[in-house]
Amino acid sequence: MTSSIYLHDGSFEGMLSAVAFAVKSGGSVHGIYDEKSYSVQLFDMVVTVPTDSLQAEKLFSYLKNLGEYAVQFTINGFLGEERAVGFHLYQMVQLCLRHGARALELYRDDSIRYLSQLSRRVNGEAHRLSGLIRFRELKEDIYYAPFESDCNVIGYLARHFSCRMGSRQWILHDVGRNISLHWDGSKVQSIEVDSAFTTYVLENGEVPDTHLGNTERYYQQLWQSFHATIANPDRENRKLQRQLMPKRYWRYLVEMRGN
Numbered sequence: 001m002t003s004s005i006y007l008h009d010g011s012f013e014g015m016l017s018a019v020a021f022a023v024k025s026g027g028s029v030h031g032i033y034d035e036k037s038y039s040v041q042l043f044d045m046v047v048t049v050p051t052d053s054l055q056a057e058k059l060f061s062y063l064k065n066l067g068e069y070a071v072q073f074t075i076n077g078f079l080g081e082e083r084a085v086g087f088h089l090y091q092m093v094q095l096c097l098r099h100g101a102r103a104l105e106l107y108r109d110d111s112i113r114y115l116s117q118l119s120r121r122v123n124g125e126a127h128r129l130s131g132l133i134r135f136r137e138l139k140e141d142i143y144y145a146p147f148e149s150d151c152n153v154i155g156y157l158a159r160h161f162s163c164r165m166g167s168r169q170w171i172l173h174d175v176g177r178n179i180s181l182h183w184d185g186s187k188v189q190s191i192e193v194d195s196a197f198t199t200y201v202l203e204n205g206e207v208p209d210t211h212l213g214n215t216e217r218y219y220q221q222l223w224q225s226f227h228a229t230i231a232n233p234d235r236e237n238r239k240l241q242r243q244l245m246p247k248r249y250w251r252y253l254v255e256m257r258g259n
C-alpha cells in the first residue's frame, strides 16, 4: 500500500487537523509535516489538509479525556518544533484508540518515548530560561527581556513572569522567532516589536542606549561588578557552568557580556 504524506499550515490547529484526517483516512501514513518545512519529491503521495477548527477541537477534547500526559505530549510536541512530531502524534493517537490512556505509558513504543523525551526537553528549557531571563528597564517604564530558545517556550515564560512581577509591565521577546508578549499588569497579549529595534537586538544582543531607562546602564554595571566580585577563581568549573547555564543563552545575559 502506498503511504501518504499529509501537510498542514504549521499552526497548532493545522497540525491537529492533519493528524485527525490521517487517522480517519485509515491508510498508510509516511509523514505529517508543516508545509513550509517540506519539499515535495517527484513520487510523493501528498495530501494538503486544510485547517478544520472543529476537527482539531474534537481531537484535542479526546486527548484531554485521556489525561495530562496526552495533553502535554501534544502541546509540547508542537512547541518543540521538530519536523517529525506530527507522525509521532498520529502514532500516539492510534495507540490510544487501541489501548486507551494506558498507551501513554508504553515507553517501549518509539513514538511514546519520542514524545515523552521531547515534552521533557520543552519543560526543561522553559524552567531553565525562567531563571536566565534578564529584563532591561526601558524609558517607557516597561521592562523588556530578549532571548532565543531552541523550543517555543515564550508562553510558559509569560505565565511564570505574570505571576512573579505583579503589576509591572513587561515585554518578553523571542528574538529568533520574532514573537513578543506584553504584560500590562492584568493580561498577556501578543504585540509586534519594531523591526529596526529587533534587528539591532538580534545583531548586538542588547537594547539600543536610546531606548534604555536613565539608570539601566548603571545597574547593569553594578550587576556585572557583583558577578565578577563573587566569582572564586580557585573554584572555577567551566564545564559545570556550561551545563547549568548553556553558552547559547549567554548572548542576552548582562553578566556574561564580554565572555
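First residue of the sequence shown? That's 1 in UniProt numbering, and the numbers climb one at a time after it. Even for Gly, the Cβ is constructed at its ideal location relative to N, Cα and C.
For Thr48, the enclosing beta strand (DSSP E) stretches over residues Val46 to Thr48. Comparing alpha carbon positions, the residue from Val93, Gln91 and Ala145 closest to Leu253 is Ala145.
Each of Glu81, Gly176, Tyr6 and His211 was checked against the Cα of Tyr90, and the nearest Cα belongs to Tyr6. Secondary structure note for Leu7: its beta strand (DSSP E) is the uninterrupted segment Ser4 to His8.
Taking C-beta atoms as the reference points, Asn123 and Asn152 fail to come closer than 8 Å. Bounds of any beta strand (DSSP E) do not take in Ser186, whose DSSP letter is neither H nor E.
When DSSP reads this structure, Asp174 sits in a beta bridge with Phe147 and Ile179. Counting along the chain, His99 sits inside no beta strand (DSSP E); it lies in the alpha helix (DSSP H) bounded by residues Val85 to His99. Taking one beta carbon from each stretch, the stretch 79 to 88 and the stretch 24 to 37 have 3 or more pairs nearer than 8 Å; the two touch.
Nearest C-alpha to Lys58 among Phe73, Phe78 and Ala18: Ala18. Residue burial annotation: Arg136 is buried, with at least 16 other C-beta atoms found within 10 angstroms of its C-beta.
Taking each of Val49, Gly10 and Ser39 in turn and checking the Cα distance to Ser25, the smallest one comes out for Val49. Below 8 Å, too few C-beta pairs join the stretch 205 to 221 and the stretch 179 to 188 to call them touching: fewer than three.
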